[in-house]
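In the numbering used here, the protein residues as written are 150 to 564.
Think of the CB as a built atom: it goes at the ideal place given N, C-alpha and C, for glycine as much as any other residue.
These numbers come from a predicted model, not from an experiment.
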Ligand SMILES: [Zn+2]
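Put into structure tokens, the structure is as follows:
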């Protein structure tokens, strides 16, 4: 299907993990170590720049050498794959609570980022990720990015500006190679566990980058487990800095990614709206706050619904019970996205569209449902009006091709 745009995605979980295992870990100078909680971390460095072991971790092991010593390399590579995704044969047994799965989820992010932050991997990874989305008929993406320092073999670190420029260059290259791909924007993100003074510095940096890279930086968000982090209200003084200074910094807050009610976490939705958020990441608990629901509809602030993410992270088991089912029936503004497809073992946006169509849309969901959702993803993106118009033009072509395929299938069936 012509999926349109992916608006809720995270930088280290874009591309199938196969690529990381089969390519990134096979590069020269790739070392691995084991954490006390059976996690893994990677690091690339040249012999002259050997770095001391990470706190509490095992010695660094050179993967090239290690693979020569072991008998079953395939099994070892499979174990890396298992360490970089949440995929498991028996999820109910392995992940018995939201806190357990979130811990593992955060650990996987740390493992993946230790590979992807190596500057040469960083760029290739992103190019390959764009390829995977493009092959899934996605024309444009917005990624939440923490912009951790990327590093070189000799230990040189690159700052956030470097990361933005790298994203820009790779996206430009990809667009040159595939002219019907529209582009990429980055939502500057910080961990919601940080303290007020760190938040102040981050907001200032975000304002600086938003001004410096207006084509690429779309705005600001906070990431990490919402139940375990600080609520938006906790950062009210820092989050109001741009408005008080008369500087624009659009917000794209994750809010209400919880099944609780009456906690600061579900109330984040109200604060997100008060802080003028452009979209609501998840907004899973919005049904419990009539005022927020009405406001988001009235102000046309869409929810970014990520069905597989909500299912894997244990907010809902049967997607027919997902709050978005009722909201979709009411015509509430929403887009469908994939959050962290690599870690959930999915790919691009199609898996989430499938789940939204089959589980959330109800029996009467049809082509018009898919069409509306795809168009929403363009409409609610941070693209300029002109860019949106161009994207819709390109999208319509792809949509028509998709309809041809569908109609052909039915015609053949009739024969
Ligand atoms: Zn997210």
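Put simply, of 263, 264 and 175 the residue whose alpha carbon is nearest the alpha carbon of residue 225 is 175. One alpha carbon belongs to residue 431, the other to residue 559, and they sit about 35 Å apart.
In the three-state reduction of the DSSP assignment, residue 338 falls in the strand class, which pools E and B. Residue pairing by DSSP places residue 371 opposite 339 in a beta bridge. Residue 332 has 289 as its beta-bridge partners, per DSSP.
In this structure residue 258 is not in contact with residue 265, their Cβ atoms being roughly 10 Å apart against a cut-off of 8 Å. For residue 463, no alpha helix (DSSP H) segment is defined, and its DSSP state is neither H nor E.
The three-state reading of DSSP puts residue 170 in helix, counting H, G and I together. In this structure, DSSP gives residue 438 a state outside helix and strand, which the three-state scheme calls coil. Look at residue 488: its beta carbon is less than 6 Å from one of the heavy atoms in ligand 1.
Residue 222 sits exposed, since fewer than 16 C-beta atoms from the chains shown fall within 10 Å of its C-beta. In the DSSP assignment, residue 431 falls within the beta strand (DSSP E) that extends over 429–431.
From the listed residues 216, 476 and 255, the smallest Cα separation to residue 462 is found for 255.
CA-to-CA, the gap between residue 287 and residue 554 works out to about 17 Å. As DSSP reads the structure, residue 400 sits in a beta bridge with 369 and 426. Cβ-Cβ distances below 8 Å link residue 232 to 188, 189, 257 and 260 in the same chain, with the five nearest sequence neighbours on each side left out; the list follows chain order.
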